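Reading through the structure tokens given below for one structure.
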Amino acid sequence: MADICQLLASASGPQVRVSKLLRPLSTKHMCDIVGQKAVDAGVVPALVGQLSECEEMQIPATLVLALSMLAADHAAAVVDAGAVPPLVQLVSSGTDRVRLAAIAALRMIMEGSVDRRDAVVAAGVLQPLLPVTRESSDTDVLTWSARLVYDLWSVAENEPLPIPLAELAPFVPVLVGLIAAPEQDDRVLQSARGALAQYSVCVEEDGTDADRDALVEHGAVASMGTLLADKHAKSIGYMIVHCMTTGTTAHKQAVIDADLVPLLVDLAAGEKTDPNLKKIAEKIIGNIVRGGSQRQVEHVVECGGIQPISGLLDGENDNRLTAMLWLLDKILSGSSEAGHEGLPDNPYSTLVDQAGGVDKVVELQTYNDMGVALQAIVCLISHFPTRVDAQRLEALIEAGVIRVVQADEVETNVGADDDIGSDGDSDGGGEGDGQLEGDSRGEREEG
């Protein structure tokens, strides 16, 4: 085999010299041997040096491709030779082949190494990558750009992200746009969905109010309707929306402004909805009601939100039952506070009744868990007093589970700080109008 350095030096121009290296690197039975010989012979620094010698528009794609091939098995040598900064600059190259080769090289460099990934991030890869992902019309460039985005925010369990989520938020509507584009290439679709799926996991686990602010600011929340309409990506959208509704009232309002609540209600109430998606939608609706303003609660009701909440008053999940009862109590109490008490009947009470919720609350008075039974009785006393089971109430009073008090508050085991419908424990205090006080505190786990 010819000496690698002589191979590179035997032709007059970089395009020809590098092409002689590419041929053996591209040959399966020779690539390992040639790659190691190239590294040992100091070829990598020579290739990086050629990047700096050429004007950007004159850089041959074969030069960048050679670095990409070498990075597959010798990424550390490529990084040590100083290849990362010029490769990052070439992401914004005006030549698609050069741009694509640079992105491929950076992916090879980052693979399997946190330190090398951090080096790519530190070199400023986000700045050229965002406009390329947004503006390119080349299918290969879009596919590999989305894959590079995935690599940047794909981390192992308990490993910190190399970039604050807020800085990644601008990519979300761009990736959604790729999914929404008519007749989009399948490779682009799969890569964009994969990147968004990884982001949704990150924001669900580690998202802060600052990250939610960034999602609103960059139009990501407004783009969620597109994801929710995509049968392959709707679960991704629901995870991001769920994260938004665990934030402030302003974040909940962003979800409302994006007209997502009707979609959520339809999903939660749908008989054919995937059970996992139905559960997420229920949590989102519950979060808006639980921590939202009176107007936001009214919006959920106007969109039909009482139906799915009433539908959840079944089964034997104590935590969920108590949470749904608390939500109904808040909705009904809010209706009275909003001035509906002047009407012959509380209009929300009528909606709950029409949804079958009142009958279910009545049945829960005799539920075998005292906390659930107490919450049901509190709700009935406050809003449907004629439906209270007097014998059950008297029995609970005699048993010391509840007692008559002078205050107009009733303690329950679900409070405003609990994530409605979530898995795990709940131990807060909720309020409702009434004249009973019950010791229903304690830890509950949704099974």
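Each step along the sequence shown adds one to the number in my numbering, with nothing skipped, and position 71 is 128.
Even for Gly, the Cβ is constructed at its ideal location relative to N, Cα and C.
Computed from a prediction, not measured in an experiment: that's the story for all the values here.
Cutting at 6 Å between CB atoms, please list the residues of its own chain near valine 231, excluding the five before and the five after it.
Taking the first residue of the sequence shown as position 1, residue 231 is located at position 174. So the list reads Thr190 and Arg191, once near-sequence residues are dropped.
Starting from the C-beta of aspartate 287, find all residues in its chain whose C-beta is less than 7 Å away, skip the five residues before and the five after it, and write them out in chain order.
Along the sequence shown, one-based indexing puts residue 287 at 230. The residues are Ile236.
Which same chain residues end up closer than 7 Å to arginine 173 when comparing Cβ atoms and leaving out the 5 residues on each side of it in sequence?
Translated into the one-based positions of the sequence shown, residue 173 becomes position 116. The residues are Ala132, Val136, Ile166 and Met167.
Quick one: any contact between the stretch 328–336 and the stretch 368–380, if contact means 3 or more CB pairs under 8 Å?
They do not touch, by the three-pair rule.
Do the stretch 244–261 and the stretch 200–217 touch if we need at least three Cβ pairs shorter than 8 Å?
Counting Cβ pairs under 8 Å, three or more are found: they touch.
For aspartate 268, count the other beta carbons within 10 Å of its own beta carbon; 16 or more makes it buried, fewer makes it exposed. Which is it?
For this step, residue 268 is matched to residue 211 along the sequence shown. Looking at its Cβ environment, which holds 16 or more other Cβ atoms inside 10 Å, aspartate 268 is buried.
Return the chain-ordered list of same chain residues with a C-beta closer than 6 Å to the C-beta of valine 229, the five sequence neighbours on each side being excluded.
Taking the first residue of the sequence shown as position 1, residue 229 is located at position 172. Answer for valine 229: Ala277, listed in chain order.
Of all the options Ala326, Ile293, Ser350 and Ala433, which has the alpha carbon lying nearest to the alpha carbon of isoleucine 313?
Along the sequence shown, one-based indexing puts residue 313 at 256. Of Ala326, Ile293, Ser350 and Ala433, the residue nearest in Cα terms is Ser350.
Determine, using beta carbons only, whether leucine 147 and alanine 159 come nearer to each other than 7 Å.
The count along the sequence shown starts at 1 and reaches residue 147 at position 90. The count along the sequence shown starts at 1 and reaches residue 159 at position 102. Cβ atoms of leucine 147 and alanine 159: closer than 7 Å.
Report yes if the C-beta distance between leucine 222 and valine 260 is below 7 Å; otherwise report no.
Counting from 1 along the sequence shown, the entry for residue 222 is found at position 165. Counting from 1 along the sequence shown, the entry for residue 260 is found at position 203. Contact flag set, yes.
By the DSSP assignment, the alpha helix (DSSP H) with aspartate 323 in it spans what residues?
Residue 323 sits at position 266 when you count from the first residue of the sequence shown. Where aspartate 323 is concerned, the enclosing alpha helix (DSSP H) stretches over 318–326.
Cβ of alanine 338 within 7 Å of Cβ of alanine 315?
As a first step, residue 338 must be located in the sequence shown, where it is residue number 281. As a first step, residue 315 must be located in the sequence shown, where it is residue number 258. No, they are not a contact pair.
Please state whether the Cβ-Cβ distance between proline 227 and histidine 299 is less than 7 Å.
Residue numbering aside, residue 227 sits at position 170 when the sequence shown is read from its first letter. Residue numbering aside, residue 299 sits at position 242 when the sequence shown is read from its first letter. Taking 7 Å as the Cβ cut-off, proline 227 and histidine 299 do not qualify as a contacting pair.
When the distance is taken between beta carbons, is isoleucine 363 closer than 7 Å to leucine 421?
Taking the sequence shown and counting its residues from 1, the one referred to as residue 421 is at position 364. Taking the sequence shown and counting its residues from 1, the one referred to as residue 363 is at position 306. Going by C-beta atoms, leucine 421 is not nearer than 7 Å to isoleucine 363.
Could you spell out the range, first to last residue, of the alpha helix (DSSP H) harbouring asparagine 333?
The sequence position of residue 333 within the sequence shown is 276, counting from 1. Counting along the chain, the alpha helix (DSSP H) containing asparagine 333 begins and ends at 332–348.
Would serine 202 be called buried (16 or more neighbouring beta carbons within 10 Å of its own) or exposed?
Within the sequence shown, numbered from 1, the residue matching residue 202 stands at position 145. Burial call: buried.
Mind checking whether valine 177 and valine 141 have CB atoms under 7 Å apart?
Along the sequence shown, read from residue 1 onward, the residue named residue 177 stands at position 120. Along the sequence shown, read from residue 1 onward, the residue named residue 141 stands at position 84. Taking 7 Å as the Cβ cut-off, valine 177 and valine 141 qualify as a contacting pair.
Taking the alpha-carbon positions, what's the alanine 433 to serine 292 distance?
Taking the sequence shown and counting its residues from 1, the one referred to as residue 433 is at position 376. Taking the sequence shown and counting its residues from 1, the one referred to as residue 292 is at position 235. C-alpha separation (whole angstroms): 33 Å.
Mind checking whether valine 9 and phenylalanine 441 have CB atoms under 7 Å apart?
It is not possible to answer for residue 9, since the shown part of the chain is limited to 58 through 504.
Give every residue of the same chain whose Cβ lies closer than 6 Å to the Cβ of alanine 412, excluding the five residues on either side of it in the sequence, and list them in chain order.
The residue labelled residue 412 in the question sits at position 355 within the sequence shown. Excluding residues within five positions, the ones whose Cβ falls inside 6 Å are Ile363, Gln364 and Ser367.
Taking buried to mean at least 16 other C-beta atoms within 10 Å of its own C-beta, is leucine 215 buried or exposed?
Your numbering for residue 215 matches position 158 in the sequence shown. According to the sequence provided, residue 215 is asparagine. The question's leucine does not apply to it. Exposed: under 16 other Cβ atoms inside 10 Å.
If you check the beta carbons only, do alanine 128 and alanine 162 fall under 7 Å apart?
Stepping through the sequence shown from its first residue, residue 128 is reached at position 71. Stepping through the sequence shown from its first residue, residue 162 is reached at position 105. Cβ distance < 7 Å, so alanine 128 and alanine 162 count as in contact.
Ignoring anything shorter than 3 residues or poking outside the stretch 118–196, list the beta strand (DSSP E) runs there in chain order.
The qualifying runs do not exist here; there are none.
For valine 100, count neighbouring C-beta atoms within 10 Å of its own C-beta (all shown protein chains included) and say buried if the count is 16 or more, exposed if not.
Indexing the sequence shown from 1 puts residue 100 at position 43. When all chains shown are included, valine 100 counts as buried.
Note down the Cα distance separating valine 322 from serine 406, rounded to an integer number of angstroms.
Start at 1 with the first residue of the sequence shown, and residue 322 comes out as number 265. Start at 1 with the first residue of the sequence shown, and residue 406 comes out as number 349. So the two alpha carbons sit approximately 19 Å from each other.
Which residue's Cα is closest to the Cα of alanine 452: Leu431, Glu110 and Leu369?
Walking along the sequence shown from the start, residue 452 turns up at place 395. Closest option to alanine 452, Cα to Cα, is Leu431.
Cutting at 6 Å between CB atoms, please list the residues of its own chain near arginine 244, excluding the five before and the five after it.
One-based indexing of the sequence shown puts residue 244 at position 187. So the qualifying residues of the chain are Thr200.
Who are the Cβ neighbours of leucine 369 in its own chain at under 7 Å, not counting the five residues just before and after it?
Walking along the sequence shown from the start, residue 369 turns up at place 312. Once the five neighbours on either side are set aside, the close Cβ partners of leucine 369 are Glu339, Arg377 and Met381.
What does the alpha-carbon distance come out to for the pair glutamine 107 and proline 185?
By 1-based counting over the sequence shown, the position of residue 107 is 50. By 1-based counting over the sequence shown, the position of residue 185 is 128. Going from the Cα of glutamine 107 to the Cα of proline 185 covers about 22 Å.
Tell me which same chain residues have a C-beta within less than 7 Å of the C-beta of alanine 290, skipping the five on either side of it?
Stepping through the sequence shown from its first residue, residue 290 is reached at position 233. Ile236, Arg250, Leu253 and Leu284.
With a 10 Å radius around its C-beta and 16 neighbouring C-beta atoms as the bar for buried, classify arginine 156 as buried or exposed.
Numbered from its first residue, the sequence shown carries residue 156 at position 99. So arginine 156 ends up on the buried side.
Nearest-angstrom Cα distance between alanine 311 and glutamine 93?
Translated into the one-based positions of the sequence shown, residue 311 becomes position 254. Translated into the one-based positions of the sequence shown, residue 93 becomes position 36. Whole-angstrom Cα-Cα distance: 54 Å.
Indicate the three-state DSSP secondary structure (helix, strand or coil) for aspartate 287 in the structure shown.
On the sequence shown, residue 287 is found 230 positions in, with the first residue counted as 1. Note: aspartate 287 maps to coil in three-state DSSP.
Along the chain, where does the alpha helix (DSSP H) containing leucine 222 start, and where does it finish?
The residue given as residue 222 occupies position 165 in the sequence shown. 222–225 is the extent of the alpha helix (DSSP H) around leucine 222.
Around the Cβ of lysine 417, are there at least 16 other Cβ atoms within 10 angstroms (buried) or fewer (exposed)?
The count along the sequence shown starts at 1 and reaches residue 417 at position 360. Label assigned to lysine 417: buried.
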